[in-house]
Amino acid sequence: MGAISLIALLIAAIAFSAGGILVGKIFVKGSSNPQKGQAYECGIPTTTSPWHQFNVGYYLYALLFLVFDVELVFLYPWAVVVKKVGMIALFEILIFIFILFMGFLYAHKKGALKWN
Amino acid sequence: MYNQTEIIKDTTELGPEGELVVNMGPQHPATHGVLHLVVTLNGETIKKIEPHLGYIHRSIEKMCESLTYRQFIYVTSRMDYLSSHINNTACALLVEKGMQIEVPERAQYVRTILNELTRIASHELWIGAMAMDLGAFTPFFYAFREREMITEIMEDTCGARLTMNYIVPGGLMYDIHPTFQNKVKAFIKQFKEKVVEYEDLVTNNVIFQSRTKGVGILSAEDAISFGCTGPVARASGVNCDIRKIAPYDVYAKVEFDEVIETAGDSFARYMVRIKEMNQSIRIIEQLIDTIPEGDFVGKTKNVLKLPKGEFYQRVETARGEFGVYIVSEGGTTPHRIKFRSPGFSNLSALSHMAEGSKIGDLMATMGTLDLVIPDIDR
Amino acid sequence: MQEITLTQILFVSTALFFIGMYGLFTRRNLITMLMSIELMLNSVNINFVAFNKYLYPEKLDGLFFTLFIITIAAAEAAVAIAIIINLYRSHNSIDVDDATEMKY
Amino acid sequence: MNISAIIFYAISALILGAGILAVTSVKIFRSAIWLLFSLVGIAALYFWMQVEFIAAIQIVVYVGGIVVLIIFSIFLTQHSGKEMPKPTKSKMIFSALASLSGTAFTYNLISHYDGFTFNSSKPFNTSMNEIGTQMLSTTNYGYILPFELVSMLLLAAMVGCIVIAMRPSSNQIASATIMLTESEILNKKD
Amino acid sequence: MFLKDYISDVYNGVSSLLKGMRKTGYYFTHPKEIITEQYPDNRATLKLADRFKGEVIMPHDENNEHACTGCTACEIACPNGTIKVVTKSEVNAEGKKKKAVDALVYRLELCTMCNLCVVACPSDAIKMAPNFEHSVFDRTKLTKILNKPGSKIREGIE
Amino acid sequence: MTNEEIKEYISAHAPNATFEETGEWLNIIIEAAEWKALATAIKGNPLQMDFVFCLTCVDWKTHLTMVYHLTSTKQRHNIVIKANLTIDQPQIETVAGIWRTAEFHEREVFEMFGVHFSNHPDLRKLILEEDFKGFPLRKDFEDPINMIKL
Amino acid sequence: MFSLEGITTATQDWLLIKFNPTIALAIECVIVILLSISLFALLGLVLVLMERKVAARIQIRLGPNRVGPGGIFQTAADTLKLIMKEGLTPDTADKFLFNLAPFIVMMVAMLLLAPIAFAKNFQIWDINIGVLYISAISSLSVIGILMAGWASNNKYSLLGAMRSGAQIVSYELSAGFAVLTIVVLTGSLQISEIVAAQQNGWWLFKGHIPVIIAFVLYIIAVTAETNRAPFDLAEAESELTAGFHTEYSGMKFALFSLAEYINIFIVCAIGATLFLGGWMPLHIGHWEGFNHIMDYIPSSIWFMGKTFFLIFLIMWFRWTFPRLRVDQLLNLEWKYLLPISLFNLLLVTIIAIMGWHF
Amino acid sequence: MELKENIKGNEKFPGIIHETPGGGIVVSSFDSVINWARSNSLWPLSFATSCCGIEMMSTASAKYDFSRFGFEVARASPRQADVIIIAGTIVNKMAPVLKRLYDQMADPKYVIAMGACAISGGPFFYNTYSVVKGADHIIPVDVYIPGCPPRPEALLHAMIALQEKIKMGMTREQIRTEFKTQ
Ligand code: SF4
Ligand code: SF4
Ligand code: SF4
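Protein chains in written order, with the numbering used here: chain A, 4 to 119; chain B, 134 to 511; chain C, 22 to 125; chain D, -5 to 184; chain E, 142 to 299; chain F, 361 to 510; chain G, 448 to 805; chain H, 653 to 834.
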């Protein structure tokens, strides 16, 4: 089956979602009023748009994540052959993780992992 | 009148840079009713909170000016509906004080017991609601199981589950139910068994502790300055229990401790309420077997007329000091009536407590303030 | 038509590269420019993999190069965005036109 | 036309279409989403070329990491709902012409170059075992040194990010504290 | 030292969480603790507290007689005008004109179950009934006339 | 502290104050203009009236009376301070800076009675709608649309 | 239930005999599509009902019991209602992305089904990078959430989306490390090989304490990744009303919650595969008799049993704990889970190289 | 007072059935399936303004447990809710909010007015300047439950009544949509 199956699954997902939504669209006639299209904000008319620049404290985590994510990616091929390669692999990974752990400690020291 | 002529504002209007102005409430699961907070956020950090009240302002004070002294009591149980008995007691006490009506001992005992039961019921509900605010759903159901026992007792004796109207100037509306004492004792037994469950689920839970410890700190000076009372002030180390300061009914005769914590954070407020429930149980235990026989209502005239003058009565509800202030012209209805609600003052401290913390902290802070909005708006 | 040939894959990567280039030329916003650069890097990656697959299927060096390019792209993106955010903090804008003035 | 070719054309269309939309869309958030689709398309292309490992990495790093980071930085620095200013007409035309001619030129070059020697004698083997072994081998074609260097690179990137991104915020904190103390003084006064 | 704190942190956290899970797990495995009463099914056995204030009713005896004299005490006592007593003049057996109740209009939609009217009624003509199944689709259905049609005042009640 | 001592102390700070002891607590009637100074004085030593537990207003048709119920959390004595205001232009100094709870209470009195608190940091409507007309707790308030008289 | 190996091979053989390969492939595709759709629908119904029943039992109440016998049609009624409810799009939203987002989360959930071994030899595609494929595709789901949150043009949605963005990406790391420990032990990424490696014992038992730690880390991380309580900050009711799907209604909302449940199923299935031996029956060392008896239970039942056990575990968490605060949540990941999993990985490596596992 | 007749049977129905203008009600089997689903899956909006809200919470609690009917999925967002239970007083300031919430709900939507206040202003009918005298001045109400507060069983009773009403296709919502399609 191979990759074809992925396409089959994609088609399944689209068919499933679209089918459900379409049935609702066809059979349900909703009322319309000017309030309905407005954003819900606890029953109060919204005054400011959220599509507006505002502070996110999360980007630092995303930055760090990116770094660790790439590291994780490199560990996959390593993990597969660890048993075959033996001790050398352990040393290699020790160095690898050690270096990164330094970075982690640095981030910790700098307070990058603290919510500001 | 309620047509949709309301102008829909342009949503592209922008707030100040970097900030997000979010309306919380009036329809929000955590505002326990219809509080409207305009929260200015910087990321997840709260920069400013501005409470808007009045979404349940029912003009009770105005209404009471046209109700007689027998009638106005029932409205007060709609204000702080979780301490309806205590509110009713306050009004009855005030009328009794003004007209010098003797209240039979029996009525006083029953009132005290019911007041304490109400307090426990209110705190039980609060535990459930607060746990829900913090995202734990199960304690709500366990707390309501015990609360349901109290409501059953209330139902037997007063005939209602929430808004009792059982207390009249001079005593009680009718005598207690014959099974009252047994049921209360059964409740005490069950309560003592089950209250330890909250320890496992809530009190000792790391997540709960880290969500509440050091969150929403209110110092003692601030608590006094903001006029906070009840568990909120007592958690900051202010002793303000009216039951101790100006005892009414039979509180002078019973032994109990005023629960004081000093940390002033949400966890302290939580602990105060938990301990207060135990104190309430202690009071009830002292009284339940010694309810004196006798009349349940004192001698009153048919038409009550308060003499000209001003009267004030303070009681301790589950949320703090509740005061009734009546200016009488000597007629059958009050000239001016003012209810001093504990929640109103406690709420005013909210923005002071929550500024600079996270949205999640706001829930913990607000949850432990135990706000009842109709009580605040009146 | 028969099998897809290397040429066709190369056409895709070329087109993608120039799309990225177009973006780089027209956009004045640092983040969108970064996005365009990512597109260009990706078109290069496609080339590496495609050459490896079609020309030297016994070797894996193309894959490794792609792997390292992705790594470097990630590191580059992380640093670039850190710089962009820094720039934004000091200039309150990440428009290149504004950034050249270096006002503070 | 066989299925594999159809799939290839579909994927290419996705890559190029999404790519074009990414560089022309006026809303920056949409732009990021289109970029995402383009990158997913490229991952699909890798899948199609049966280099699943690279495909997965493409998704993990690009989609899971870089695009999310880009989206966060958009929220931080942009009015994400506002339309970005369009480049001037002349610039647009000039860039489009340049890109088109570049594409045409390169394509011309490729299609007329017949130096590609197809020696598909050995099947293309991208099993994880192969990759892992070659990556960790210390022989001539081993990639152990780059592998270790990657950790250094990542360390450098991390330190760099922290240094760059954290610095002004500490300034802000300082200024905020000054403001705070000021307001406290004001409060204390009355 | 740091490591020790770290490990004890983790240990305490995990153990407190496990305690909570033990509690909920206990309830999960003990269906006996379930306290739900199934309302529409248990309707036959459902017994409300006899004092429960569900609505105001006027008991009639088997002769279709009630005890209301039409004195309007309840109307006066009611804090929010739920009861309206409409009176009529009636000629009784001895030929004397007497005020009697024509209709005791009770608006359930307004009633707050405060019991003041019952307390005020001098002849105990009305009382609270423990009913609760009042749901209606139409608000006008909630305005009731408590005295049954054709009912009379019971003999001997002044 | 006994009532006499309190009276003495207050007379020193508000010479026009009159006293009334018929009710439960000591009532002190002062001039509106003296209020701010007196408030500052009684907040500090030796009275330490640090807790306003009730702040309201009464409409007497001819005039309005501001009523402040104060207590000391340390010494536990209560006093009631009253200040008469004219009905046309009720105005009094705010005490929101002294007792922070007064901020909300004064806003409430402002919208319910129309008393203007000068120097109040944020004197807006708190409970009623922004466009609400009239001062509902005044005796002459009429609202024929919403108010159904019994 | 039977082992499904026989059925699949028989079908395939029959198809190949009857039709030419292309059409056979097409028919197989159709079968896969139908199967996966019905699996989705069924899982949605079952899991939601299970959640409600579990919650009810824990909360000393009965739970749905009036629609159909024992309430089993409750979720069917809910689904039908949701389908027949208006799916509105706010005027202020970015309509295209708003409507695209549910599709994205659905596609991600669906694609994740591919490598899962439901029973012996019953797998859609035994992809050679198995677990890496899973982590790659699941990292896509964050995009759907971010898209939904942004496109709604609603403040709660946006805040919720941002939270879950930070949360999902963070917890992906420790989930990845937990998976890596098993990869180290097995030496393969392929699901079938990982299962095969547990022929004589599940990794949870074979791998000593490090694997148990990895298992705990995995469960915590996936609970967070699927936005489940106590990590359900993205839709924290008391804070952000309904979080990123505040504006969604009808079927679009149903798709989000369906995807959430499917994701739970998938991560639990992966967890069961990695740590509990997938469809492998419980085998203990050399107790031949015992092992034999265990073999009689069909493999699909083993797989489902393990998966549902893990799902129950996650539901149990939800109904016990309060929710964490955002910063605590990120702290938990970066200060506790990540260092522990790094260290744990080293331990496992040593075990694997020394061959200390059974 | 017999529940079986009151609720299960269609003849003795609590309240008046408004005839649909222009003909009877045709409930096809498709419709009845849909109505079955809708009536059994009423997700309430967690909307409570005052005292009655506490009784609503009691109804959710373990003893009364409205999850037996499948109502426990209380949604905080009106988009996903099917029924507003107006539990508590509605005042003038709240009225536009309630209207907006109702408007923002996705169709089909139903309304239950719980308690005297929501029906008519109840205790606050006379002499108040700020209470709306009945929520049906603002939004159409399907079921009214008197009581102050109605006990949890009464709320369950109302929910069952609403279910029956939906099954008969008699809710205001359904009648309104039928209008439209004609
Ligand atoms: S119970 Fe109260 S509200 Fe009801 S009719 Fe009697 S007096 Fe009036
Ligand atoms: S019910 Fe009682 S109080 Fe009311 S009119 Fe009749 S007799 Fe009088
Ligand atoms: S009907 Fe009664 S209980 Fe319900 S909200 Fe109104 S006053 Fe409160």
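Even glycine gets a Cβ: it sits at the ideal position worked out from N, Cα and C.
Model, not experiment: these values are computed from the prediction.
Through-space distance from residue j to residue i, alpha-carbon basis
| i | j | result |
| --- | --- | --- |
| Lys438(B) | Gly176(B) | 58 Å |
| Phe723(H) | Trp695(H) | 5 Å |
| Ile53(D) | Cys800(H) | 59 Å |
| Thr796(G) | Gly89(A) | 9 Å |
| Pro511(G) | Ile175(E) | 14 Å |
| Ala374(F) | Met282(B) | 56 Å |
| Ser427(G) | Arg727(H) | Residue 427(G) cannot be examined here, being either before or after the span of chain G that is shown, 448 to 805. |
| Gly674(H) | Gly821(H) | For Gly674(H), the predicted model reports a pLDDT of 40, less than 50, meaning its position is unreliable and no value from the coordinates is stated. |
| Ile105(C) | Ile90(C) | 21 Å |
| Ile818(H) | Thr362(B) | 48 Å |
| Ser67(D) | Ile102(C) | 7 Å |
| Ala266(E) | Ala208(E) | 5 Å |
| Ser352(B) | Asp410(F) | 14 Å |
Cross-strand partners of residue i (DSSP beta bridge)
| i | result |
| --- | --- |
| Glu380(F) | Asn387(F) |
| Cys414(F) | His429(F) |
| Asn175(B) | Thr178(B) |
| His373(F) | According to DSSP, which records beta bridges pairwise, His373(F) is partnered with nothing at all. |
| Asn435(B) | Note: Asn435(B) sits in no beta bridge, so no partner. |
| Thr228(E) | Val242(E) |
| Ile441(F) | Ile388(F) and Tyr428(F) |
| Gly453(B) | Thr450(B) |
| Val430(B) | Gly304(B) |
Distance CB(residue i)-CB(residue j) smaller than 9 Å
| i | j | result |
| --- | --- | --- |
| Arg248(E) | Lys225(E) | yes |
| Tyr603(G) | Thr693(G) | yes |
| Val335(B) | Ala269(B) | yes |
| Ile571(G) | Leu579(G) | no |
Per-residue contacts from residue i into chain D (C-beta, under 9 Å)
| i | result |
| --- | --- |
| Asn546(G) | Here the premise fails: no neighbours, minimum Cβ distance about 13 Å. |
Neighbouring residues, chain B, relative to residue i (Cβ below 8 Å)
| i | result |
| --- | --- |
| Leu753(H) | Gln160 |
Residue i: contacting residues in chain G (beta-carbon distance under 7 Å)
| i | result |
| --- | --- |
| Val26(A) | Ile530 |
7 Å Cβ cut-off: residues of chain E touching residue i
| i | result |
| --- | --- |
| Val795(H) | Ser276 and Phe278 |
Residues that residue i contacts on chain A, provided the C-beta gap is smaller than 8 Å
| i | result |
| --- | --- |
| Ala103(C) | Leu66 |
Contact list for residue i against chain D, beta-carbon separation under 7 Å
| i | result |
| --- | --- |
| Ile102(A) | Ser145, Met146 and Leu149 |
inquiry  = Please give the ranges of any beta strand (DSSP E) in the stretch 571 to 634 of chain G, keeping only runs that are unbroken, at least 3 residues long and fully inside the region.
reply    = Runs of the beta strand (DSSP E) inside the stretch 571 to 634 of chain G: none found.
Length-filtered (3 minimum) beta strand (DSSP E) runs lying within the stretch 447 to 481 of chain F = Runs of the beta strand (DSSP E) inside the stretch 447 to 481 of chain F: 451 to 453 and 476 to 478.
request  = Would you list, in sequence order, the uninterrupted alpha helix (DSSP H) runs of no fewer than 4 residues that lie entirely inside the stretch 751 to 824 of chain H?
outcome  = If you keep only unbroken alpha helix (DSSP H) runs of at least 4 residues inside the stretch 751 to 824 of chain H, you get 767 to 772 and 804 to 819.
task = Note down, one range per segment and in chain order, each alpha helix (DSSP H) of at least 4 residues found wholly within the stretch 26 to 97 of chain D.
result = Along the stretch 26 to 97 of chain D, the alpha helix (DSSP H) occurs as fully enclosed runs of 4 or more residues at 46 to 51 and 62 to 71, listed in sequence order.
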